[in-house]
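FYI, in our numbering the residues of the sequence shown are 60 to 387.
Heads up, the beta-carbon is just placed ideally off N, CA and C, and yes, glycines get one too.
Here the structure is a predicted model, which is why all the values come from computation and not from measurement.
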Amino acid sequence: MSSQTAPSNPTVDPYQLLQIALNADGTITRLQEIPNTPPTPDPSHPTPVLSKDIPLNQSNNTWVRIFLPREALDHNSSTKLPLIVYFHGGGFILFSAASSIFHDFCANMAIDLHVIIVSVEYRLAPEHRLPAAYDDAMEALHWIKTTPDDWLRDYADLSNTFIMGSSAGGNIAYHAGFRASMETDKLEPLVIRGLILHQPFFGGSQRTSPELRDNDPILPLSVFDLMWELSLPIADRDHEYCNPKVGDGPQLLEKIKLLGWKVLVVGCDGDILFEHQIELVKLMREKGVSVVSQFGEGAYHGIDMFEPTKTKALHVVLKNFILSSLIA
60 MSSQTAPSNP
70 TVDPYQLLQI
80 ALNADGTITR
90 LQEIPNTPPT
100 PDPSHPTPVL
110 SKDIPLNQSN
120 NTWVRIFLPR
130 EALDHNSSTK
140 LPLIVYFHGG
150 GFILFSAASS
160 IFHDFCANMA
170 IDLHVIIVSV
180 EYRLAPEHRL
190 PAAYDDAMEA
200 LHWIKTTPDD
210 WLRDYADLSN
220 TFIMGSSAGG
230 NIAYHAGFRA
240 SMETDKLEPL
250 VIRGLILHQP
260 FFGGSQRTSP
270 ELRDNDPILP
280 LSVFDLMWEL
290 SLPIADRDHE
300 YCNPKVGDGP
310 QLLEKIKLLG
320 WKVLVVGCDG
330 DILFEHQIEL
340 VKLMREKGVS
350 VVSQFGEGAY
360 HGIDMFEPTK
370 TKALHVVLKN
380 FILSSLIA
């Protein structure tokens, strides 16, 4: 990892790229209208995957969207489906579980992987800086274990649960995994088998080679920096929420090792976050965690959301990982 530091490209205005405006009270106005997709809870609808929204914490305006493959309704077998608890991306400051890009991503995963997905609507920064999203993640896990929802009760195998996130959601999944590892007894009958970190969003004060190149078309360096500036509780990218190599993170990996959880890290070397992901894999291996990594060549941050062939290839990786981690 490079020891150099470098300022963001001054010709790039990250606020303009993100289409946000900073308000005097520290909040932001999101200027871009992001397409949303409504849920489809009616079994009479011909869609191959059903979905519905359920409130999580009304005072925080958090909720979950559950995705149920139609085949679960039609199948005569009593075998229940693995559960993925999913956290969307957006640099902690953008998007929703209802955003069309993440709705479609989860719906396609539910179909191809034969799983049930609970996608969590967590609070966004800077109105709710970290660790608010981690708190919401844990609240969702505790909600799942006690909910009377019929879809989860009848079709989800809570004893085969995976925590997954994309980009910033991968960061949330990682930190939620830490917290969950410390209270496994309180989460029963929900039993976590592994973490799936899809192009996870990490950083640090030292610039990496991909950051210095700054050629990711989706996540420029200036945007990367701004997202951390708006999300962290203090302006320090060596905070443990951002840099997994500092604070209690390395020690907490010992607990994940003892629990026997498997971890999958998926990324590509064209992603500005690539070296942070590589360093995370190295750290977990040093701590004896059972980690599988899958890094492609070229591409860019978020490619699996935009290119169908890449999405299908990701599904193959995810399916193999889940099958290898299931407990009969």
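Annotation for Arg212: the continuous alpha helix (DSSP H) segment containing it runs Asp209 to Tyr214. Beta-bridge analysis with DSSP links Thr121 to Asn116. Excluding residues up to 5 positions away in sequence, Leu200, His201, Lys204 and Ala239 lie with their Cβ nearer than 8 Å to the Cβ of Leu246 in the same chain. Separation of Asp72 and Ser281 (C-alpha to C-alpha, rounded to the nearest whole angstrom) is 7 Å. Taken atom to atom, the span from the alpha-carbon of His104 to that of Ile125 is near 16 Å.
The straight-line gap separating the alpha-carbon atoms of Asp328 and Pro276 is approximately 13 Å.
The three-state reading of DSSP puts Val324 in strand, counting E and B together.
Rounded to whole angstroms, the Cβ separation of Val325 and Gln265 is 24 Å, and the two are not in contact under 8 Å. Annotation: the segment 272 to 316 contains no complete segment of the beta strand (DSSP E) (minimum length 3 residues). Cβ atoms of Leu318 and Asp216 stay farther apart than 8 Å, at about 18 Å.
Lys316 is a Cβ neighbour of Gly347, given a cutoff of 8 Å. Annotation: Leu211 to Asp101 spans about 16 Å, alpha carbon to alpha carbon. Distance from the Cα of Asn95 is smallest, within the candidate group Ser155, Thr88 and Gly149, for Ser155. Separation of Ile93 and Asp295 (C-alpha to C-alpha, rounded to the nearest whole angstrom) is 30 Å.
Per the DSSP secondary-structure output, Val350 pairs in a beta bridge with Val322.
With contact defined as three or more Cβ pairs closer than 8 Å, the segment 355 to 371 and the segment 301 to 315 are not in contact. Counting every other CB atom within 10 Å of its CB across the protein chains shown gives Ile293 a total below 16, marking it as exposed. Per DSSP, reduced to three states, the secondary structure at His147 is coil, with no helix or strand assignment. In the displayed model, Asn82 falls within coil according to three-state DSSP, outside both helix and strand. As for any beta strand (DSSP E) of minimum length 3 sitting wholly inside the segment 165 to 245, the runs are 175 to 180 and 215 to 225, ordered along the chain. With respect to the C-alpha of Ala80, the residue from Pro107, Leu153, Phe221 and Ser110 having the closest C-alpha is Leu153. Leu254 carries a strand assignment under DSSP once its states are collapsed to helix, strand and coil. Tyr300 and Asp133 have their alpha carbons spaced roughly 43 Å apart. The beta carbon of Pro128 sits closer than 6 Å to the beta carbons of Val108, Ala169 and Ile170 from its chain, once the five residues preceding and following it are set aside; these are given in chain order.
Contact annotation, Val322 with Leu254: C-beta distance approximately 5 Å; criterion of less than 8 Å satisfied.
Taking a 10 Å sphere around the C-beta of Ala83, we find fewer than 16 other C-beta atoms and assign the residue as exposed. In the DSSP annotation of this structure, the continuous segment of the alpha helix (DSSP H) that includes Ile337 starts and ends at Phe333 to Glu345. Residue environment for Thr121: buried (at least 16 other C-beta atoms within 10 angstroms of its C-beta).
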